[in-house]
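Residue numbering for the sequence shown follows my numbering, starting at 2 and increasing by one per position.
Every residue gets a Cβ at the ideal spot worked out from N, C-alpha and C, and that includes glycine.
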Amino acid sequence: MNKKIWDLYAPIYERAMRGDHKIYKIMYHRIPKVIAGKDVLEIATGPGLLAKHVAYAANKMIATDYSEGMIKEARKGEYPDNLTFEVADATNLPFEDKSFDVVLIANALHVMPNPEKALKEIDRVLKDGGLLVAPNFVNHRSSFISRIWSNILKIAGINFEHQWNTDEYRGFLEENGWKIENFEEMQARISLVYVECVRR
Numbered sequence: 002m003n004k005k006i007w008d009l010y011a012p013i014y015e016r017a018m019r020g021d022h023k024i025y026k027i028m029y030h031r032i033p034k035v036i037a038g039k040d041v042l043e044i045a046t047g048p049g050l051l052a053k054h055v056a057y058a059a060n061k062m063i064a065t066d067y068s069e070g071m072i073k074e075a076r077k078g079e080y081p082d083n084l085t086f087e088v089a090d091a092t093n094l095p096f097e098d099k100s101f102d103v104v105l106i107a108n109a110l111h112v113m114p115n116p117e118k119a120l121k122e123i124d125r126v127l128k129d130g131g132l133l134v135a136p137n138f139v140n141h142r143s144s145f146i147s148r149i150w151s152n153i154l155k156i157a158g159i160n161f162e163h164q165w166n167t168d169e170y171r172g173f174l175e176e177n178g179w180k181i182e183n184f185e186e187m188q189a190r191i192s193l194v195y196v197e198c199v200r201r
């Protein structure tokens, strides 16, 4: 992943995501229920859109991104007092073992060269019995619209390191030791699966 690309697009990233607002509204409704009263870490928060909509339900929430530009954008505007934004690398998190009840990583594993490393770090910082919420784009070329959108992102310098289909993404999580408790496919410009899982 090229950090400079994400820094460059940080000011417009939120606007680019507005086309999928229906899916995000579903997550804004679902995620507060599973993080209520808990200590939450978000990885790859981008401009903080998801965090700002769900953090009110948590005990505390730290939202991170490895792009300084994204975190700069995320810190703009209003958001709950229990939410903080920090620069952090998903594959080398600056948090102690067993620090969080829930880890949230949305639409990021597929752009990481080594997403397995991120999952190992997530496992490390999750408390015993903790929950991983990992919605992710899948089936990148399953429809005309998804192919067009994937190509636009590629031209912009954003590459999908992994173009999983639905079953492949499920298999990827299971092969890395996660037990899936909730798995729901949602239609968007690029299909997305909403996933909740615990360490097996």
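Let me know if P116 comes out buried or exposed under the rule of 16 or more other beta-carbons within 10 Å of its beta-carbon.
-> The count along the sequence shown starts at 1 and reaches residue 116 at position 115. Buried is the call here.
Grouping DSSP H, G and I as helix and E and B as strand, with all else coil, what is A56?
-> Translated into the one-based positions of the sequence shown, residue 56 becomes position 55. DSSP places A56 in helix when its eight states are reduced to three.
Short Cβ contact (9 Å threshold) for A135 with L110 | Start at 1 with the first residue of the sequence shown, and residue 135 comes out as number 134. Start at 1 with the first residue of the sequence shown, and residue 110 comes out as number 109. It is a contact, given that the beta carbons lie within the stated cut-off.
Going by alpha carbons, who is nearest to Y195 out of K128, L133, T46 and V55?
-> Position 194 of the sequence shown, counting from 1, holds the residue named residue 195. It is L133.
Spatial distance of L120 from V103 (CA atoms) | The sequence position of residue 120 within the sequence shown is 119, counting from 1. The sequence position of residue 103 within the sequence shown is 102, counting from 1. Going by C-alpha positions, L120 is about 13 Å away from V103.
Going by the beta-carbon positions, is the gap between A64 and L84 smaller than 9 Å?
-> On the sequence shown, position 63 is the one that residue 64 refers to. On the sequence shown, position 83 is the one that residue 84 refers to. Taking 9 Å as the Cβ cut-off, A64 and L84 qualify as a contacting pair.
Assign G178 to buried or exposed, taking buried as 16 or more other Cβ atoms, counted over all protein chains shown, within 10 Å of its Cβ.
-> Position 177 of the sequence shown, counted from the start, is the residue given in the question as residue 178. Classification of G178: exposed, given that the 10 Å Cβ count is below 16.
Compute the distance between the beta-carbons of F173 and V126, then report whether it is under 9 Å.
-> Within the sequence shown, numbered from 1, the residue matching residue 173 stands at position 172. Within the sequence shown, numbered from 1, the residue matching residue 126 stands at position 125. The Cβ atoms of F173 and V126 do not sit closer than 9 Å to each other.
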